[in-house]
Amino acid sequence: MTITEQRPGYRYVGTRPVRHDGLDKVVGKARYAADLVLPGMLYGHVLRSPHAHARIVAIDTSAAEAMPGVRAVITGADFGDLPADDPERNMTRNLMARDKVLYEGHAVAAVAATTRRQARDAAEAIEVTYEALPHTLDILEAMEPGAPLLHEDIFTTGLDSEPSEPSNVANRTCYERGDIEQGFAEADVVVEGEFVTKPIHQGYIEPHACVADTGQDGKTVIWCSSQGHFRVRSQTAAMLGWDTSRIKVIPAEIGGGFGGKTTIYLEPLAVELSARAGRPVKMVMSRDEVFRATGPTPGSVIRVKLGATGDGRITAAKAWLAYESGAFPGVWAMLGCMCVVSPYNVENFLIEGYEVVVNKPVNAAYRAPSAPMAAFATDTLVDEIARRLDMDPIDLRLLNCPNKGDQAPYGPKWPLIGLRECLEAIRDSEHYRSRPAPGHGRGVASGFWFNIGEASSATVNLNENGTATVVTGSPDIGGSRASMALMAAEELGIDVHAIQPVVGDTEVVGFTDVTEGSRATFATGMAVVEACRDLKGQLRGRAARMWDCDVDEVEWADGQATHSGGEHEPLALADITAEAGRTGGPLGATASLNARGAGPAFSVQVTDVSVDEETGRVTVERYTTAQDAGTAIHPDYVEGQMQGGVVQGIGWALNEEYIHDADGVMENPGFLDYRIPVASDLPMIETIIVEVPNPNHPYGVRGVGEVGIVPPIPALANAIHDATGARIRELPMSPPRVLDAIMSGNGDGG
Amino acid sequence: MAQVHFSSNQRRLTGGVAQVEVDAATVRELLRKLEEMFPGIGAHLDRTSATAVAIDGDIIPDPMYEAVPADAEVHFITPLAGG
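Those protein sequences? They're chains R and H, same order as listed.
Counting in my numbering, the first sequence runs from 144 upward without gaps.
Counting in my numbering, the second sequence runs from 290 upward without gaps.
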């Protein structure tokens with residue numbers, strides 16, 4: 144671990160205790176949504192569109208309704224439609240098609256029956272009459288006038304003049320600074336290229352699953368796997384037209400999300416089926432459904448041009464980015480524009496982005512959404528500049544590295560950031576100082592992600608024996624329970640295993656935003672600390688009462704109350720909680736906040752690869768990642784996030800892609816044909832935790848969940864080039880593509 | 290006075306003006322004053338699903354009641370999503 148700034152000597156923060164939920168997961172005792180079985184429970188099944196684009200002419204459910212075991216059948220006609228400007232309208236139309244299906248896998252109807260097989264057979268017996276429509280799968284084709292139109296009501300925003308015709312281009316984003324022409328005129332080296340990426344899936348192991356139990360009182364309880372059960376509640380309410388108070392959501396354990404479980408797919412359908420059947424309904428997606436109907440990350444076409452002086456200073460950047468968002472618009476191009484040159488100080492730039500709808504599943508967030516594709520383009524070209532100038536790629540990045548107070552490309556000035564420290568950590572690493580093995584190629588890349596704050600709540604209750612329960616509303620997708628317990632332990636001065644961290648349901652803890660944006664340890668941790676500090680005030684008051692002195696005479700440190708005048712023996716926390724009933728009652732505190740001051744995240748990575756020049760197969764021989772964590776509350780889980788991000792980035796770079804046939808049908812909706820990396824594919828991912836504490840968090844936390852996925856694609860592309868001379872600008876860099884690049888001598892001459 | 294910066298997209302609504310100084314206590318008041326200066330921009334920026342605010346570098350979603358310190362640097366930006 145690299146600690147780049149001196150931090151206070153913590154007792155618990157920065158240690159590596161066994162996670163509180165670890166044993167249950169290791170022995171298979173952790174309860175996931177699909178594990179739940181309720182008395183009288185039915186099984187739900189969704190009928191999905193076989194067409195990429197078609198008008199629904201008629202749906203006949205009569206045959207299905209008459210089949211054995213069938214208790215309820217629903218279609219789009221059973222759900223109201225939200226106003227056109229409602230931000231949840233597209234979500235509701237994604238969960239159940241209305242007049243048109245917009246991609247292969249789009250939900251058309253759903254059935255609840257006594258058994259899974261009955262539900263599936265009945266769904267297949269629903270007769271849907273479609274009028275097939277022309278479809279579009281390619282970003283550039285979809286942008287053309289005359290392309291098959293998905294929506295009649297999308298008119299491109301952000302153009303210089305209001306368009307008169309609808310389009311598949313939802314919006315145009317533009318960031319501009321300085322004089323781009325002058326910037327390129329000052330350049331001694333100009334490099335440019337077009338980079339293409341395909342949609343890929345978040346690839347969580349656990350498919351989407353839920354159980355809904357709707358009672359005759361008009362209320363429902365949902366058990367589900369999600370990154371945010373309060374959003375499950377609000378989105379389900381929006382689709383059903385219900386008040387949120389009718390819905391209780393109990394978070395089940397989650398088997399991976401990576402952004403893909405920040406939205407919903409099944410819950411309102413299960414609630415509606417349950418309401419009609421008068422029974423609980425379980426719905427569990429197959430892997431096939433997960434691929435066909437839940438959020439991949441966008442494909443993209445990105446063109447970047449960079450200019451630099453002979454001494455390596457980047458003088459100008461021009462970027463054109465188009466992100467496909469699937470069947471409904473998202474914010475992916477906007478985010479890509481904000482990230483594309485952010486690891487660099489560039490005085491002159493012009494960045495344009497376009498959000499494009501196509502007949503594919505609706506995109507969802509995936510770790511640092513949109514940033515990896517943008518980094519692929521920029522950091523590949525930065526590598527080309529370094530080669531042209533015969534500069535060390537880290538030195539080039541250090542020369543152009545933004546610091547606190549510099550203006551970020553998307554507007555604000557950078558706060559305290561740790562990019563420079565990450566670059567230096569890689570430069571000084573044993574990996575980078577060693578020479579690549581003969582025949583191996585080496586690549587370097589950097590990456591940026593914002594991190595976010597948002598709303599969080601926490602309740603901390605002290606038990607009579609001096610232990611504590613920490614209840615938060617953040618589903619634990621990466622070890623955050625252990626982090627919450629560590630911060631509470633540090634504040635209260637009691638052992639971390641005397642604290643039980645709990646993820647509370649929507650009725651036992653205050654509103655908490657989704658676990659996304661690397662925010663849980665930052666924002667929810669802030670709420671935990673605030674509640675603990677409230678408790679420490681209460682503990683001082685109780686000690687004062689026990690000592691019959693003024694509270695100002697009581698100090699709290701190292702888990703005990705001490706008397707400033709030394710007139711009393713210290714009282715441990717357990718001494719005070721044991722007397723709580725006689726000094727004012729139970730001790731507990733709640734904090735709810737909207738966290739401000741999320742610290743931007745940077746990562747710098749280096750990798751060595753070998754390439755089989757007969758087959759094009761790339762083997763990752765060595766990989767080191769440095770990332771600014773701010774402060775690593777639990778280093779094991781910081782390292783786990785860093786490694787997980789890298790591994791997913793490696794999969795994205797080398798193997799993964801959605802493959803559709805000419806009719807828009809996905810051809811590889813399973814892990815046999817959609818190849819994600821497994822442990823035996825990879826070396827140990829070496830980690831260097833850099834700590835430049837975020838001054839806006841009581842312990843300096845930045846959030847670590849996302850940025851690790853940003854650099855792997857360009858790092859591997861640069862390493863492949865170093866090994867073979869072939870410069871690859873399209874993903875995945877799978878054996879056929881690598882072999883083709885080698886055979887065609889596709890290098891940049893650098 | 291807060292320094293309010295406009296992105297290229299937003300400059301379509303300001304007649305090309307890239308930066309203005311505005312005296313406002315909250316984002317809500319700031320939007321009201323911007324609307325007086327550049328009719329139409331208030332509604333454009335007031336769609337909380339479409340706009341967040343960065344005040345002195347701190348990005349704040351849904352910022353209507355947020356205080357704007359004197360001499361703050363303000364940017365209206367895309368609300369962030371995360372994975």
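The C-beta atom is built at its ideal place from N, Cα and C for all residues, glycine as well.
Taking the Cα positions, R/L678 is about 29 angstroms away from H/Y354. Between the alpha carbons of R/E764 and R/V853 lies a gap of roughly 19 angstroms. Cβ-Cβ separation between R/I269 and R/L493: approximately 51 angstroms, too far for a contact (criterion under 8 angstroms). Nothing from the segment 618 to 649 of chain R brings a Cβ to less than 8 angstroms from some Cβ of chain H. By the neighbour-count criterion, in which a residue is buried when 16 or more other Cβ atoms sit within 10 angstroms of its Cβ, R/Q784 is buried. For R/D303, the C-beta contacts it makes with chain H under 7 angstroms involve R301, in order along the chain. With a cutoff of 9 angstroms on beta-carbon distance, R/A508 and R/G399 are scored as not near each other. Closest in alpha carbon position to R/D221, among R/A734, R/M382, R/A517, is R/M382. Rounded to whole angstroms, the Cβ separation of R/T733 and R/G843 is 24 angstroms, and the two are not in contact under 8 angstroms. R/I199 sits in a strand when the DSSP states are folded into three classes.
Interface criterion met: the Cβ of R/R315 is under 9 angstroms from a Cβ in chain H. Restricting attention to R/E782, R/M477, R/G742, R/P878, the CA atom closest to the CA of R/T762 is found in R/P878. Scanning the segment 602 to 660 of chain R from its first residue to its last, the whole alpha helix (DSSP H) runs of 4-plus residues come out as 623 to 635. Chain H places no beta carbon closer than 9 angstroms to that of R/F298, leaving this residue out of the contacts. In this structure, DSSP gives R/H188 an extended state, which the three-state scheme calls strand. Shown here for R/R191: same chain residues with a beta carbon closer than 8 angstroms to its own, the five before and five after excluded, namely E247, G248, H249, A250, V251, E432, R435, A436 in chain order. Residues of the segment 334 to 360 of chain H that bring their beta carbon within less than 8 angstroms of a beta carbon in chain R comprise S338, A343, D345, G346, D347, I348, I349, P350, in sequence order. Excluding the 5 residues flanking it on each side, R/A723 has same chain C-beta neighbours closer than 8 angstroms at L605, E607, R685, P729, L730, in chain order.
In summary, R/T664 is buried, with 16 or more beta-carbon neighbours lying within 10 Å of its beta-carbon over all protein chains present. Taking 8 angstroms as the upper bound for CB-CB distance, R/H777 and R/R159 are in contact here, some 6 angstroms apart. For H/E324, no CB of chain R lies under 9 angstroms from its own CB, so it is not counted at the interface with that chain.
Taking a contact as a CB-CB distance under 8 angstroms, the pair R/N543 and R/R456 counts as one, their CB atoms being some 7 angstroms apart. Residues of chain H with a Cβ closer than 8 angstroms to the Cβ of R/W795 do not exist, since the nearest Cβ in that chain sits about 13 angstroms away.
When DSSP states are grouped into helix, strand and coil, R/Q359 belongs to the coil group.
Three or more beta-carbon pairs drawn from the segment 853 to 862 of chain R and the segment 732 to 750 of chain R are found closer than 8 angstroms, and the two stretches are therefore classed as touching. Burial is judged here by how many other beta carbons sit within 10 angstroms of a residue's own beta carbon; R/M239 has at least 16 and is buried. Annotated as distal: R/I297 and R/P182, with beta-carbon spacing of 9 angstroms or more. Taken residue by residue, none of the segment 668 to 683 of chain R has a beta-carbon sitting less than 7 angstroms from a beta-carbon on chain H. In this chain, the alpha helix (DSSP H) harbouring H/H333 covers 330 to 334. Put simply, of R/P838, R/R845, R/M630 the residue whose alpha carbon is nearest the alpha carbon of R/R154 is R/M630. Among the residues of chain R, none has a CB under 7 angstroms from the CB of H/I330; the nearest is roughly 14 angstroms distant.
Residue environment analysis places R/T720 among the buried positions, since at least 16 neighbouring C-beta atoms fall within 10 angstroms of its C-beta. Bounds of any beta strand (DSSP E) do not take in R/P472, whose DSSP letter is neither H nor E. Counting along the chain, R/W699 sits inside the beta strand (DSSP E) bounded by residues 697 to 700. By the Cβ-count criterion, H/I349 is buried, with 16 or more other Cβ atoms from all chains shown falling within 10 Å of its own Cβ. Proximity of chain H to R/I397 at the Cβ level (cut-off 8 angstroms) is not reached, the minimal Cβ distance being about 14 angstroms.
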